[in-house]
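Here's the structure we're looking at; comments come further down.
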Amino acid sequence: MAATTCAPSAVPTEVRHRLRLQLTSEHSITVVEADRIVTDTISFLAVCAASPHSRFRPSRQVDLGWHQFILNTRDYADFCERVAGRFIHHVPDEFDAPVGRATADVLSPTVDAIKAAGLPFHAELWLSGSGRCSQCHAGCTDCGQGGGTAN
């Protein structure tokens, strides 16, 4: 499925509500922020599905949403099968994360792909330039971050 056809509706409303509730209760974030995280997580996964050999990274907040989605294994596996035709693996690896402006630079290929696909995007989750980007690196071959082949 092309990323442009993967709207937020690719995740059923009840699943979105559950993910939002889990994020707000487990991470002390607002419902609005949780909703943005869920939305951008879906957008991130859609571009990973559409371009499995590209080098995409989630922002720290989107990685939080990805982790929460993965914990809902049946829903996540169903989403992956419908959107990607395969399971999109997340295999974190330790690395020195960039800080400041370097974070936005590292995330820019992902942001550009999301924008080019016309998918929902909340700049404050990606472009703040503060904090660390995700620890996901060189092993998430299904999302294109590693050098290996997709499963």
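Residue numbers (our numbering): 36 to 186.
No residue lacks a Cβ here, since even glycine has one placed at the ideal position from N, Cα and C.
With 16 other CB atoms within 10 Å as the buried threshold, where does residue i fall?
i, result
"P93", "buried"
"R55", "buried"
"L160", "buried"
"H125", "buried"
"A158", "exposed"
"I123", "buried"
Do residue i and residue j have their C-beta atoms closer together than 8 Å?
i, j, result
"Q96", "I72", "yes"
"T59", "V66", "yes"
"A151", "S89", "no"
"D187", "P155", "For residue 187 there is no data in the structure shown, the boundaries of the chain being 36 and 186."
"A84", "A137", "no"
"V146", "L162", "yes"
"P144", "F91", "yes"
"L99", "H62", "yes"
I need the DSSP call for residue i, collapsed to helix, strand or coil.
i, result
"P144", "helix"
"S165", "Low confidence applies to S165: its pLDDT is 42, below 50, so where it sits in the model is not reliable enough to give any reading."
"V50", "helix"
"A45", "helix"
"A158", "helix"
"T74", "helix"
"S60", "helix"
"R151", "The sequence shown places Ala at residue 151, not Arg. A151 falls in the helix class under three-state DSSP."
*Hey, is the stretch 78–87 in contact with the stretch 104–119, meaning 3+ C-beta pairs nearer than 8 Å?*
yes
*In chain order, which alpha helix (DSSP H) runs of at least 4 residues are fully inside the stretch 76–142?*
95–106, 108–119
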